[in-house]
Every structure is written in C-alpha cells, then in structure tokens.
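First residue of the sequence shown: 6, per the working numbering; consecutive thereafter. Note that the Cβ used here is the ideal one computed from N, Cα and C, for glycine as well. Below is one structure, written out as structure tokens; the observations come after it.
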Amino acid sequence: MKKWMYSPKHMPKQDPANAVDYKTMEIDVVIKCFVSDKDRPFRVIFKVEKQGSFFSKDIFVQNVDAKTPYELVHNFSTLGMNYEELKKYGSTDYAEYSFATLEEAKKVKDTTVEYIRFLIREHQQETLAQTS
Numbered sequence: 006m007k008k009w010m011y012s013p014k015h016m017p018k019q020d021p022a023n024a025v026d027y028k029t030m031e032i033d034v035v036i037k038c039f040v041s042d043k044d045r046p047f048r049v050i051f052k053v054e055k056q057g058s059f060f061s062k063d064i065f066v067q068n069v070d071a072k073t074p075y076e077l078v079h080n081f082s083t084l085g086m087n088y089e090e091l092k093k094y095g096s097t098d099y100a101e102y103s104f105a106t107l108e109e110a111k112k113v114k115d116t117t118v119e120y121i122r123f124l125i126r127e128h129q130q131e132t133l134a135q136t137s
C-alpha cells in the first residue's frame, strides 16, 4: 500500500507544470515546551518566512483567548475569515500560542498547517489556470 501511495504516478505535484513565476509560501512551525510555564507549557510558534505568491503575509490569528481553539475549530489561520472575524482576531505573520497539553498544541499545528497547505494548492492551481 505504501509503495503505491508514494509511486511517482500518485505523488502530489509540488511544482507548477508551467514555468510561471509562482512562489510558494514558506512557513516555519515548531512546538516548544517551556517548563517555567506551569499552566500552559506547550507553545506552537508560526512564522511566515517567505510570502510567496499568496494573498498576505499576515495569516495567523493575533488575538487569542481560552475560547479561540473551539471557536476556530483548531485552525488558527485568518485565511477565509470575514471582515468581522478579522477585526475580532487580528492577523500577524508571527504568532505564539500556548496550550496546557502537547495534544492540543499538535492539533492546532496540524489543523492550521493542513488548511494553509490546502489553500496554497488551490491558489497555485488558480494562478496556473489563469496563466494558461
């Protein structure tokens, strides 16, 4: 099964088929444990290294409270938010989010990264379609 999934025929395309100057967004994501913080030691740190050909560099939620993970269903990206949500949560290209458990930190990291990857793929395909 693994061999089939990773064969060249089934690998997702990483580069555009056309030589348009599409630049992929680069994001650095790490989970760190700060033992000095007894209540919420696990931090997910997002930093946009390179904006690429994407909408904006400020794609992470800036204002976070205890309800945020549940309100946003663990996706801490501002992409796809309406104006009222953007006003409420704010946006930034560098964000640190603190969590009590490693599981919660991983869930926010994984959910946010997968959502951004999905949108980058969609944006890349739209850009290629427009230039073809």
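In or out: residue i buried (at least 16 other Cβ within 10 Å) or exposed?
{"i": "VAL69", "result": "buried"}
{"i": "ASN80", "result": "buried"}
{"i": "MET10", "result": "Interpretation of MET10 is limited by its pLDDT of 39, a score under 50 that renders its predicted location unreliable; no figure is taken from the coordinates."}
{"i": "ALA134", "result": "exposed"}
{"i": "VAL35", "result": "exposed"}
{"i": "GLN130", "result": "exposed"}
{"i": "VAL123", "result": "Here residue 123 turns out to be Phe, not Val, going by the sequence shown. When all chains shown are included, PHE123 counts as exposed."}
{"i": "ALA71", "result": "exposed"}
{"i": "TYR94", "result": "buried"}
For residue i, name the three-state secondary structure that DSSP assigns.
{"i": "VAL113", "result": "helix"}
{"i": "ILE50", "result": "strand"}
{"i": "ILE125", "result": "helix"}
{"i": "THR97", "result": "strand"}
{"i": "VAL118", "result": "helix"}
{"i": "LYS92", "result": "helix"}
{"i": "ALA134", "result": "helix"}
Out of the options, which one is the CA nearest neighbour of residue i?
{"i": "TYR102", "options": "THR132, LYS52 and MET30", "result": "LYS52"}
{"i": "GLU90", "options": "PHE47, GLU108 and GLU76", "result": "GLU76"}
{"i": "PRO74", "options": "THR136, GLU109 and ILE32", "result": "GLU109"}
{"i": "GLU48", "options": "ILE125, GLU119 and VAL113", "result": "Checking the displayed sequence, the identity of residue 48 turns out to be Arg instead of Glu. Measuring from the Cα of ARG48, the nearest candidate turns out to be VAL113."}
{"i": "PHE65", "options": "SER96, ARG45 and ASP33", "result": "SER96"}
{"i": "GLY57", "options": "GLN67, ASP44 and GLU31", "result": "GLU31"}
{"i": "THR116", "options": "LEU84, LYS55, SER61 and GLU54", "result": "LEU84"}
{"i": "PHE1", "options": "ASP33, LYS28, PRO46 and THR29", "result": "The structure shown does not extend to residue 1, since the chain spans only 6 to 137, so no value can be given for it."}
{"i": "TYR99", "options": "ILE50, THR106 and ASP44", "result": "ILE50"}
Taking the beta strand (DSSP E) that residue i falls in, what are its first and last residues?
{"i": "ASP33", "result": "31-38"}
From which residue to which residue does the alpha helix (DSSP H) around residue i run?
{"i": "THR73", "result": "73-76"}
Count the C-beta pairs between the region 27-44 and the region 80-90 that are closer than 8 Å, then say yes if the count reaches three, no if not. no
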